[in-house]
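Here the structure is laid out as structure tokens; the discussion comes afterwards.
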């Protein structure tokens, strides 16, 4: 079968699913046409569905069905030997997934069964759900470092879909925890919530290891993975200790920022690159500069507000935001480009930070008013807001 015919056959199956077809027939259609499929073939077909007008949010449900239809028939690529090295980001992801599988299959679901049979395992279930909720770190590392890496190489649809599913799983675990936290939870409601959350957690493990990682492996180099490794500490880990150090076998290019003899002349003075970099990295803000083409160009500042990835540099800024926040970001940038607005300010307390965040967006223009890009400045102002007295002495 030619590549075009294979693609058309996959699309036919996906259209059947999209239009409400039943699972058994979809599976039979697949088995009649294919022995195995490549991950790239499935994702290319999903991208084609989006091009044809399918809302990416709707694919969140469909991709679960896609995974079930193709499960067991996805062609396995040659295993990258680096992935078996302790400390490599993929080894860490798989180690966390192994612990999560055990938590669900060997603890949470068996204790739920005992609880339904009348045994007092509710406290254990509550603790297990609390442990399962730490999957948030696993997902945030993926969303912060791996999704930008995929976008960097033009793999845009899968991360968008997967991000939405991650959020759904967080909500499902939260729902189950809320029911379990009641003094006398309804056993049927609790069972339904836990089973649903557990199923989705295990399905995501399959998608990460059988679809996402092989897809990234086809395009990423060692420097890409090293960026992912260096960014892990921004967020932390799920149910495992800090992994071993890992570095690629080949060193990346020498950064020009190491050349202290490279001078930049400003209107009032000059700095070498070493000085400029040190000054920027001391500022009590988190800085992000997005260029005139809406591409991420720079991260700096001395404050750690939002985790970010070096692999996002060069990516479309909108791919760095969830589908929910994207309309607001697009509005801001459209008004900056048109000249209608030059500055936006927000202050709020993100639930996970529990700190007051002051977020500013500035349109950067040259002397003639030409738009050069956007500077985002994020600052933790929790302590500043608590000041009640002047401080004038050391």
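In the working numbering, the protein residues as written are 16 to 409. Cβ coordinates follow ideal geometry from the N, Cα and C atoms, glycine included.
In or out: residue i buried (at least 16 other Cβ within 10 Å) or exposed?
i: residue 394; result: buried
i: residue 201; result: exposed
i: residue 240; result: buried
i: residue 117; result: exposed
i: residue 343; result: exposed
i: residue 181; result: buried
i: residue 179; result: buried
i: residue 208; result: buried
i: residue 160; result: buried
i: residue 366; result: exposed
i: residue 230; result: buried
i: residue 324; result: buried
i: residue 299; result: exposed
i: residue 316; result: buried
i: residue 107; result: buried
i: residue 264; result: exposed
i: residue 120; result: exposed
i: residue 276; result: exposed
i: residue 132; result: exposed
i: residue 353; result: exposed
i: residue 293; result: exposed
i: residue 383; result: exposed
i: residue 301; result: buried
If you draw a straight line from the alpha carbon of residue i to that of residue j, how long is it in whole angstroms?
i: residue 134; j: residue 126; result: 9 Å
i: residue 272; j: residue 237; result: Legend: pLDDT at residue 272 = 46, less than 50; position of this residue unreliable, value from coordinates given subsequently. Those two C-alpha atoms are separated by around 21 Å.
i: residue 308; j: residue 378; result: 13 Å
i: residue 359; j: residue 329; result: 23 Å
i: residue 369; j: residue 321; result: 13 Å
i: residue 401; j: residue 371; result: 11 Å
i: residue 269; j: residue 295; result: Because residue 269 sits at a pLDDT of 46, beneath the cut-off of 50, its placement in the model cannot be relied upon, and the point is left open.
i: residue 310; j: residue 331; result: 5 Å
i: residue 290; j: residue 297; result: 11 Å
i: residue 406; j: residue 346; result: 40 Å
i: residue 351; j: residue 218; result: 41 Å
i: residue 326; j: residue 199; result: 48 Å
i: residue 34; j: residue 67; result: 14 Å
i: residue 163; j: residue 220; result: 19 Å
i: residue 234; j: residue 109; result: 19 Å
i: residue 98; j: residue 260; result: 13 Å
i: residue 253; j: residue 123; result: 16 Å
i: residue 10; j: residue 42; result: Outside the modelled stretch of the chain, which goes from 16 to 409, sits residue 10, for which no answer is possible.
i: residue 24; j: residue 139; result: 48 Å
i: residue 115; j: residue 279; result: 51 Å
i: residue 348; j: residue 355; result: 10 Å
i: residue 232; j: residue 385; result: 40 Å
i: residue 318; j: residue 215; result: 35 Å
i: residue 404; j: residue 397; result: 15 Å
i: residue 170; j: residue 137; result: 43 Å
i: residue 205; j: residue 111; result: 25 Å
i: residue 410; j: residue 340; result: Residue 410 lies beyond the residue range present for the chain, which begins at 16 and ends at 409; the question has no answer from this structure.
To the nearest whole angstrom, what separates the beta carbons of residue i and residue j, a pair I think is in contact under 8 Å?
i: residue 247; j: residue 156; result: 6 Å
i: residue 177; j: residue 113; result: Not quite, the Cβ-Cβ distance comes to about 20 Å (not below 8 Å), so this is no contact.
i: residue 389; j: residue 373; result: Contact doesn't hold; Cβ gap of about 17 Å is too wide.
i: residue 212; j: residue 188; result: 5 Å
i: residue 338; j: residue 175; result: 7 Å
Flag residue i as yes if its beta-carbon sits less than 8 Å from any beta-carbon of chain B, otherwise no.
i: residue 337; result: Annotation note: the requested chain B is absent from the structure, which comprises a single protein chain.
Flag residue i as yes when its Cβ comes closer than 7 Å to any non-hydrogen atom of the ligand HEM, and as no otherwise.
i: residue 48; result: Of ligands this structure carries none, so the ligand HEM is not represented either.
Please give me, in chain order, every unbroken run of the beta strand (DSSP E) with length at least 3 that falls completely inside the stretch 323 to 369. 358 to 363
For the stretch 241 to 314, list the beta strand (DSSP E) runs that are entirely contained and at least 3 residues long, ordered along the chain. 278 to 281, 284 to 287, 301 to 306
Quick one: complete alpha helix (DSSP H) runs, 4+ long, within the stretch 143 to 193? 150 to 156, 162 to 167
Quick one: complete beta strand (DSSP E) runs, 3+ long, within the stretch 112 to 143? none
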